[in-house]
Amino acid sequence: MLPLLFAAQASAHIVAGTAPPSKLPTPNDIVAAAPASAWKAIPADDLMVIDLANGGRVVVQLAPAFAPVHVANIKALARSGYWNGATVYRLQDNYVAQWGLNESDKPWPAGVNPKPPAEYTRPLKELKIRPLGSPDAYAPGAGFADGWPVAYNAKAGWATLTHCYASVGVGRDLAPDHGTGGELYAVIGNAPRQLDRNIALVGRVVDGIDKLSSLPRGTEALGFYKDKSQYVPIASIRLASDIPLPGRPAFEVMDTGSPTFTKYLKLRANRHDAFYEVPAGGVDLCNVQVPVRKLNPVG
35 MLPLLFAAQA SAHIVAGTAP PSKLPTPNDI VAAAPASAWK AIPADDLMVI DLANGGRVVV
95 QLAPAFAPVH VANIKALARS GYWNGATVYR LQDNYVAQWG LNESDKPWPA GVNPKPPAEY
155 TRPLKELKIR PLGSPDAYAP GAGFADGWPV AYNAKAGWAT LTHCYASVGV GRDLAPDHGT
215 GGELYAVIGN APRQLDRNIA LVGRVVDGID KLSSLPRGTE ALGFYKDKSQ YVPIASIRLA
275 SDIPLPGRPA FEVMDTGSPT FTKYLKLRAN RHDAFYEVPA GGVDLCNVQV PVRKLNPVG
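Encoded structure:
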């Protein structure tokens, strides 16, 4: 019986050896298989559509829950046509792309608060945080709230959006100036988290960040273009809710309170698949890009 048992075991090993290896899931697999319940529609009134004169389109999701006065200003500026003639006038390598009217004396339209408060943090108690599960170098805690990456201090009771790649902030002068929203920038490099709680963050680019990051770098101090001939013209800046149907852009963001996002976050922190052999066991907040998907245009 022993030889027969050995033969059976050997046969089992041969069969196992010829079987294809099981596919270990990747974060992209989790996103691709996400059910409809794992996604939340981004309101059209919170999408700012920037059409560059060169044909590129940049779509920004605004964050009124974190900077309500600045976001209200931005919406008023977009609806009034204030940005007619705006340009991208600054491209600092590995830092930011900045656009607007560049210190114009153009009067503010109705509905704009010219001196908004310092919306650098907001109360933590009203937010439902999904903790990152890894230490953060810039705050006692970090995680996700309603689709946004946030840093927070539970003891002090504040939370803030974070300067991750593609985050959009408000250009300002030295304090006590807090900026109005007339001049905006997007992060196009390594996350400059030292800016957190020092500048109002108003949203993030959800589509077309490459249209900004691929522009020529400015050669003057801080990445400003040397002369106006280098400025990149902007054809229009509109809210998606003001774009006629059909053709209105639409996007969904993954619900960071969903079981699907929990799986996604776990895999981002512990990659172990056909490529990754050594899981990191942790992840940086800005390395967990909350999934956003582009839908077919409305209408």
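Numbering (the numbering used here), first residue to last: 35 to 333.
By construction, the Cβ of each residue, glycine as well, lies at the ideal position given by its N, Cα and C atoms.
The C-alpha of P283 is placed about 8 Å away from the C-alpha of V83.
DSSP places T155 in no beta strand (DSSP E); its state is neither H nor E. Annotated three-state conformation of K74 is strand, per DSSP.
Residues of the same chain with a CB within less than 8 Å of the CB of P331, apart from the 5 flanking positions on each side, are P280, G281, R282, P283 and A284 in chain order. Judged by their CB atoms, R164 and H197 are not nearer to each other than the 8 Å cut-off. Given a length threshold of 3 residues, each whole run of the beta strand (DSSP E) inside the segment 230 to 292 is given here in chain order: 235 to 241, 266 to 273 and 285 to 288. With a threshold of 16 other beta carbon atoms within 10 Å, Y310 falls short and is exposed. Assignment of beta-bridge partners to V202 by DSSP yields A220 and G237. L301 is classed as buried because its beta carbon has at least 16 other beta carbons within 10 Å across all chains shown.
In the DSSP assignment, Q132 forms a beta bridge with R124 and Y219. The beta-bridge partner set that DSSP reports for A179 consists of W182. In the three-state reduction of the DSSP assignment, D170 falls in the coil class, being assigned neither a helical nor a strand state. The three-state secondary structure of K189, taken from DSSP, is coil. Per DSSP, D63 is one residue of the alpha helix (DSSP H) stretching across P61 to A66. Here A144 is exposed. Its C-beta has fewer than 16 other C-beta atoms within 10 Å. Between E217 and the set L135, A308 and V93, the nearest pair of CA atoms involves L135. Take F258, set aside five residues on each side of it, and the residues of its chain with a beta-carbon closer than 6 Å to its own are R124 and G252, in chain order. Setting aside the 5 residues that flank it on each side, G215 is surrounded in the same chain by H104, N107, I108, L111, V204 and V236, each with a C-beta closer than 7 Å to its C-beta; the list follows chain order. When C-alpha distances from A176 are compared across K260, R231 and D318, the shortest belongs to D318. The residue among D80, S114 and A173 with its C-alpha nearest the C-alpha of P98 is D80. For D170 and H212, the gap between their C-alpha atoms comes out near 26 Å.
DSSP places D80 in the helix class (H, G or I) of the three-state scheme. By alpha-carbon distance to N147, the top candidate from P102, K245 and K328 is P102. Between G167 and A303, the beta carbon gap of about 6 Å places them in contact (Cβ cut-off 8 Å).
Distance from V221 to S248 at the Cβ level is roughly 15 Å; contact not present, criterion being Cβ atoms closer than 8 Å.
For the options Q126, L86 and T296, the alpha carbon positioned closest to that of E254 is the one of Q126.
Each residue's CA atom was taken as its position, placing M288 and A78 some 16 Å apart. By the Cβ rule, the segment 54 to 73 does not count as touching the segment 153 to 160, because fewer than three pairs are nearer than 8 Å. The beta carbon of K260 sits closer than 7 Å to those of T253 and E254, all from its chain and outside the five residues before and after it, given in chain order.
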